[in-house]
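Remarks on the structure that follows.
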Amino acid sequence: MNLKEIVRNEYGISSIEEINKIESGISSNAKRIVTADGNYILRKVKSVEQAITEYKISQELRHDNLSSIIILNQDNAPYIKLNNEVYNLQTEIPNLLEKDNINFFELGKTIAIFHSRVQKIEGLFSQEDRFPLERMWDQVKLNPNFDATEYSGKLTKLVEQCLRYNHKDNCYIHGDLGKWNLLFDKSNIYIIDFGEVRRGNNHFDISAVLSSTINWSLGDEQLFLQVRQFKKGYVSNFQQWNNANLRESFHLWFTRGMVALLAQQGINERTNHAIHFMMKKCTRIETVFKHLSAN
22 MNLKEIVRNE YGISSIEEIN KIESGISSNA KRIVTADGNY ILRKVKSVEQ AITEYKISQE
82 LRHDNLSSII ILNQDNAPYI KLNNEVYNLQ TEIPNLLEKD NINFFELGKT IAIFHSRVQK
142 IEGLFSQEDR FPLERMWDQV KLNPNFDATE YSGKLTKLVE QCLRYNHKDN CYIHGDLGKW
202 NLLFDKSNIY IIDFGEVRRG NNHFDISAVL SSTINWSLGD EQLFLQVRQF KKGYVSNFQQ
262 WNNANLRESF HLWFTRGMVA LLAQQGINER TNHAIHFMMK KCTRIETVFK HLSAN
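Going by the working numbering, the sequence shown opens with residue 22, and the numbers climb by one from there.
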């Protein structure tokens, strides 16, 4: 039985025209199901528990139209198994908006609604953090070339600083809420891929989404205005906002990113350039927080 027949039998979708592998980005384990009535995404997930968690979250976010719809199969399950792998099927949402046209008030509101809605769901399966800083850092320190890099001292201080942070777990967080897990159309912002959802601190998600959506080519004042608009939208729906925690969460987000890059791809010209770029962002964000503290 081929994939078309499997999807047809499992979901009762009879008008499948073609199935294409999605090659780009984080969707490499996904296929686009093209039908006469619209497109779907067939996506591999880690486990049945993740599939059920993603379904519960998508159902809750449907109240505010913030997520794609995960389809139940003929047995009313939010997943199917193919060759001992678990997949879910969800409606495809086209990404229509360019990053530079983001409404940061609406973005802040969307993330706040996510945090508010998801913490009300019972029986969520909390995923493990796949990128624990301490474990990745131990791996980086084993690289014999690390101490010779120009950034070794500064990165070491950042890691030691981040390992001392003690942020309270105050809600369920997305865990990987960068722009790559946001979709925009003309009227809505959608959140996708809940495979990293776990208990955590809301400021971690905020740092992830802001660091990947604010326009770093702008001046410091313009960056501050984007963050301030996001904050206004966020606190209108979820009150837990603390500038000190957010500042530390930015440090943590960038530091985890740098350490993960070195742990996974080693020390080379490309990763050295990326580390330098992230270090500059880490420094620039301090100016934004000076503005935030004064307003």
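Here a beta-carbon is modelled for each residue, glycine too, at the ideal position from N, C-alpha and C. Just so we're clear, the structure is a prediction, and the values are computed from it rather than from any experiment.
Check: Would I43 pass as a contact of T56 if the rule is Cβ separation under 7 Å?
Finding: no
Check: Between the segment 160–179 and the segment 206–222, are three or more C-beta pairs nearer than 8 Å?
Finding: no
Margin query: Measuring only the C-alpha atoms, how far is S238 from I123?
Written below: 15 Å
Note to self: Tell me the rounded alpha-carbon separation between Y100 and N50.
What the structure shows: 15 Å
Checklist line | Residue of T292, Y255, Q286, A265 minimising C-alpha distance to V309 | finding: A265
Notebook entry, point to check: Around the C-beta of K311, are 16 or more other C-beta atoms found within 10 angstroms, so that it is buried, or is it exposed?
Noted result: exposed
Checklist line | Cutoff 6 Å; reference I306; Cβ partners in own chain excluding five residues on either side | finding: F271
Next item on the list: Using 10 angstroms around the beta-carbon of D150, count the other beta-carbons present and answer buried if the total reaches 16, otherwise exposed.
Entry: exposed
Notebook entry, point to check: Taking buried to mean at least 16 other C-beta atoms within 10 Å of its own C-beta, is G196 buried or exposed?
Noted result: buried
Note to self: Within 10 Å of its beta-carbon, does W158 have 16 or more other beta-carbons around it, so buried, or fewer, so exposed?
What the structure shows: buried
Checklist line | DSSP state of Y100 mapped onto helix, strand, coil | finding: coil
Notebook entry, point to check: Excluding sequence positions up to five away, which residues of its chain have a Cβ less than 7 Å from the Cβ of L231?
Noted result: V248, F251
Margin query: Helix, strand or coil for L163? Go by DSSP, reduced to three states.
Written below: coil
Check: Does the distance from the C-beta atom of E217 to that of Q140 stay below 7 Å?
Finding: no
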